[in-house]
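Taking it in order: structure first as structure tokens, then the write-up.
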Amino acid sequence: MEVKSRHHLRSDEVREIEDALADGLGVELNADTYELVELEDSEFELVLVDGDPAVLYYEEEPFLTVRGANEYPPQTRVVTVDAGAVSFVSDGADVMRPGITEADEDISAGDLVAIAEESHGKVLAIGRAQTEGSDMVGSEGKVVSSVHHVGDELYEFNV
Numbered sequence: 033m034e035v036k037s038r039h040h041l042r043s044d045e046v047r048e049i050e051d052a053l054a055d056g057l058g059v060e061l062n063a064d065t066y067e068l069v070e071l072e073d074s075e076f077e078l079v080l081v082d083g084d085p086a087v088l089y090y091e092e093e094p095f096l097t098v099r100g101a102n103e104y105p106p107q108t109r110v111v112t113v114d115a116g117a118v119s120f121v122s123d124g125a126d127v128m129r130p131g132i133t134e135a136d137e138d139i140s141a142g143d144l145v146a147i148a149e150e151s152h153g154k155v156l157a158i159g160r161a162q163t164e165g166s167d168m169v170g171s172e173g174k175v176v177s178s179v180h181h182v183g184d185e186l187y188e189f190n191v
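Going by the working numbering, the sequence shown opens with residue 33, and the numbers climb by one from there.
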């Protein structure tokens, strides 16, 4: 991933990110520096929070990266998968109903969500919900489209 540009965010831009993550995920970022990194040929923009790629913009919406979600665990918009789904989700597969053990009831179709494994609560991926949280647990069908996962280019990005 090539860096197209990089600059510090203004205080109003920082406040917008902090408010969006606090309202949407129950996450309080407590940082000194915020830098926006625009990437060449990528659907993402990154926000470095104290130098770490903790926030991404996907389709103009701020959300935590996988690394950010493990640093600042989200309280809402979390989908939990069982051990059998871990290797698939970690490789970027979409999430299917049979692998889900729990989903936040407040998730709406179209929301970005954090996908965590049930044993330790570690976030493995970020995805786009295809249905409401109350409809995610079941026996068949894809319910979350993978957007970003452990080991992808964004996860491996170093400044």
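Virtual Cβ for every residue (Gly too), placed ideally from N, Cα, C.
**OP:** To the nearest angstrom, report how far apart ASP51 and VAL179 are at their CA atoms.
**Re:** Each residue's alpha carbon lies about 22 Å from the other.
**OP:** Give the secondary structure of GLU137 by DSSP, where H, G and I count as helix, E and B as strand, and everything else as coil.
**Re:** Note: GLU137 maps to coil in three-state DSSP.
Subject >> As assigned by DSSP and simplified to three states, the class of TYR90 >> reply: Looking at TYR90 - three-state DSSP - the assignment turns out to be strand.
Original post:
Roughly how many angstroms separate the alpha carbons of GLU60 and GLY165, rounded to a whole number?
Top reply: A straight-line Cα-Cα distance of about 23 Å links GLU60 and GLY165.
**OP:** Check whether the Cβ atoms of GLU77 and GLU67 sit closer than 7 Å, and answer yes or no.
**Re:** At the C-beta level, GLU77 and GLU67 stay beyond 7 Å of one another.
Original post:
For the region 105 to 115 against the region 136 to 144, are there 3 or more C-beta pairs whose distance is under 8 Å?
Top reply: Contact holds: three or more Cβ-Cβ distances are below 8 Å.
Original post:
At what residue ranges does the region 92 to 174 contain a whole run of the beta strand (DSSP E), taking only runs of 3 or more?
Top reply: If we require 3 residues or more, the beta strand (DSSP E) runs fully inside the region 92 to 174 come out as 93 to 96, 110 to 113, 132 to 135, 144 to 149, 155 to 161.
**OP:** Please report the Cβ distance between SER151 and ALA117, rounded to the nearest whole angstrom; I am assuming they are in contact, meaning their Cβ atoms lie under 8 Å.
**Re:** Approximately 12 Å separates the beta-carbon atoms of SER151 and ALA117; this is outside 8 Å, ruling out the contact.
**OP:** Measure how close the beta-carbons of ALA157 and HIS181 come, nearest whole angstrom, since I'm counting them as under 8 Å.
**Re:** Under the criterion of beta carbons closer than 8 Å, ALA157 and HIS181 qualify as touching, at roughly 4 Å.
Original post:
What number of angstroms, rounded off, separates the C-alpha of GLY131 from the C-alpha of VAL175?
Top reply: Roughly 10 Å separates the two Cα atoms.
Subject >> Nearest-angstrom Cα separation, counted from ASP44 out to MET168 >> reply: The C-alpha of ASP44 is placed about 36 Å away from the C-alpha of MET168.
**OP:** Keeping to the same chain, check which residues put their C-beta closer than 8 Å to that of TYR187; ignore five residues upstream and five downstream.
**Re:** Excluding residues up to 5 positions away in sequence, THR97, VAL98, ARG99, HIS180, HIS181 lie with their Cβ nearer than 8 Å to the Cβ of TYR187 in the same chain.
Subject >> For SER225, three-class secondary structure by DSSP >> reply: Look at the range of the chain in this structure, 33 to 191, and you will see that residue 225 is not part of it.
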